[in-house]
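One structure is given below, encoded as structure tokens.
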Amino acid sequence: MTRPLTVVTGGSRGIGAATCLRLAADGHDVVVGYARDQEAAESVVAGVRAAGGRALAVRADTSAEADVERLFAEAEERLGPVTGLVNNAGVTGPLGRLADADPADLRRVLDVNLLGALLCARQAARLMTSRGAGAIVNVSSGAATLGSPGEFVHYAASKAGVDALTVGLAKELGPDGVRVNAVAPGAVDTEMHAAMGAPERGREIGAAVPLRRVGRAEEIAAAVAWLLSPEASYTTGAVLRVAGGR
19 MTRPLTVVTG
29 GSRGIGAATC
39 LRLAADGHDV
49 VVGYARDQEA
59 AESVVAGVRA
69 AGGRALAVRA
79 DTSAEADVER
89 LFAEAEERLG
99 PVTGLVNNAG
109 VTGPLGRLAD
119 ADPADLRRVL
129 DVNLLGALLC
139 ARQAARLMTS
149 RGAGAIVNVS
159 SGAATLGSPG
169 EFVHYAASKA
179 GVDALTVGLA
189 KELGPDGVRV
199 NAVAPGAVDT
209 EMHAAMGAPE
219 RGREIGAAVP
229 LRRVGRAEEI
239 AAAVAWLLSP
249 EASYTTGAVL
259 RVAGGR
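Numbering of the sequence shown is given in the working numbering, commencing with residue 19 and proceeding in unit increments.
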């Protein structure tokens with residue numbers, strides 16, 4: 019039996035990197051999409067290979083149509099037919115009230131988080147529907163339903179769009195044998211908090227979570243891996259919340 023081949027965007031760090039390694043352990047070959055850090059992406063590739071999988075790192079800005087097309091083209095040319103997509107690439111921009119947000123930050127968040135997810139899902143759909151099988155997992159956020167007032171309403175709005183994409187595309191592609199689901203993490207212990215200017219944010223949020231801690235990237239990766247697996251063969255259109263009860 020051939021191994022599934024999954025493209026993971028934003029695969030060089032955090033949830034994306036953990037997902038690549040979990041999928042490799044579950045028997046996937048993996049394409050690690052990344053935006054900037056080639057060294058980190060190659061480290062993930064090495065981890066996938068150490069787990070017995072084939073792997074490839076491809077630099078791509080998911081908000082750029084040409085980059086997305088090249089990402090999937092390189093995957094298929096070098097490793098074979100793509101069977102899965104994890105739409106994980108995402109940015110938050112600085113924390114703060116919407117009234118104070120820089121329009122450039124707003125545009126970048128929407129371009130990467132929503133337009134990028136749409137472009138990647140579109141390309142995956144083109145390939146998968148022609149083969150009558152495939153699975154897409156979008157990485158949303160608990161913020162989509164909480165709204166994140168005073169922090170990043172624009173980010174929450176972009177992830178609400180990802181939820182709508184998940185539900186609508188699942189209905190659209192179901193007759194073609196392609197499943198579409200999402201995972202909605204809560205606060206997770208990754209470098210994203212420091213990148214948005216609040217390195218202690220995760221610890222502070224963890225105290226208010228019913229399970230009294232933030233999540234680990236590996237816990238989110240496990241949910242993604244399940245949705246891609248044959249065990250989830252009758253699951254589509256679901257947004258699986260992995261947020262410690264928050």
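Just so you know, even glycine gets a beta-carbon here, dropped at the ideal spot from N, CA and C.
Which listed residue (the options) has its alpha carbon closest to that of residue i
i, options, result
"tryptophan 244", "Gly114, Gly102, Ala82", "Gly102"
"arginine 115", "Tyr173, Leu23, Gly262", "Tyr173"
"serine 159", "Thr147, Gly233, Phe90, Leu97", "Gly233"
"leucine 97", "Ser81, Gly111, Arg21", "Arg21"
"asparagine 106", "Arg221, Ala250, Ser251, Ala241", "Ala241"
"arginine 219", "Gly150, Pro112, Ser148, Val198", "Pro112"
"glutamate 236", "Thr24, Ile33, Thr27", "Ile33"
"glutamate 60", "Ser30, Glu87, Ala82", "Ser30"
"aspartate 207", "Gly262, Asp55, Val26", "Gly262"
"arginine 67", "Val196, Thr147, Cys38", "Cys38"
"arginine 264", "Ala202, Ser251, Thr253, Pro248", "Ala202"
"alanine 42", "Ala53, Val196, Thr24, Arg54", "Thr24"
"glycine 195", "Thr147, Leu89, Ala135", "Thr147"
Separation of residue j from residue i, as counted between CA atoms
i, j, result
"glycine 17", "alanine 117", "The requested residue 17 does not occur in the structure, where the chain is confined to residues 19 to 264."
"valine 100", "glutamate 209", "29 angstroms"
"alanine 35", "proline 193", "31 angstroms"
"alanine 84", "cysteine 138", "11 angstroms"
"valine 109", "arginine 40", "22 angstroms"
"glutamate 57", "aspartate 79", "17 angstroms"
"glycine 65", "glutamate 92", "20 angstroms"
"valine 265", "glutamate 222", "The chain is shown from 19 up to 264; residue 265 falls before or after that span and cannot be answered."
"aspartate 120", "glutamate 169", "13 angstroms"
"serine 81", "valine 130", "5 angstroms"
"alanine 205", "alanine 239", "14 angstroms"
"glutamate 87", "arginine 77", "12 angstroms"
"alanine 200", "leucine 183", "9 angstroms"
"valine 62", "serine 251", "28 angstroms"
"leucine 246", "valine 171", "30 angstroms"
"glycine 224", "glycine 150", "42 angstroms"
"threonine 27", "aspartate 55", "13 angstroms"
"glycine 134", "valine 104", "12 angstroms"
"leucine 136", "glutamate 94", "20 angstroms"
"threonine 253", "alanine 53", "30 angstroms"
"glutamate 249", "leucine 132", "28 angstroms"
"leucine 128", "aspartate 44", "32 angstroms"
As assigned by DSSP and simplified to three states, the class of residue i
i, result
"aspartate 118", "helix"
"leucine 340", "Past the boundaries of the shown model lies residue 340; the chain is included only from 19 to 264, so the question cannot be answered."
"serine 197", "Rather than serine, the amino acid found at residue 197 in this sequence is arginine. DSSP places arginine 197 in strand when its eight states are reduced to three."
"asparagine 131", "helix"
"valine 86", "helix"
"arginine 67", "helix"
"proline 248", "helix"
"leucine 74", "strand"
"glycine 224", "helix"
"valine 100", "coil"
"leucine 113", "coil"
"arginine 259", "strand"
"alanine 202", "strand"
Touch test, the stretch 225 to 238 against the stretch 247 to 259, Cβ-Cβ under 8 angstroms, three pairs minimum: no
Is the number of C-beta pairs between the stretch 115 to 126 and the stretch 178 to 190 that are closer than 8 angstroms three or more? no
Contact between the stretch 145 to 156 and the stretch 184 to 192 (3+ Cβ pairs under 8 angstroms): yes
Take every Cβ of the stretch 159 to 169, pair it with every Cβ of the stretch 137 to 146, and state whether three or more of those distances are shorter than 8 angstroms. no
Contained beta strand (DSSP E) runs [length at least 3] in the stretch 20 to 55, N- to C-terminal order: 23 to 26, 47 to 52
Within 8 angstroms, do at least three Cβ pairs link the stretch 69 to 84 to the stretch 42 to 56? yes
Which runs of the alpha helix (DSSP H) fall wholly inside the stretch 135 to 195 and span at least 4 residues, in chain order? 161 to 164, 171 to 191
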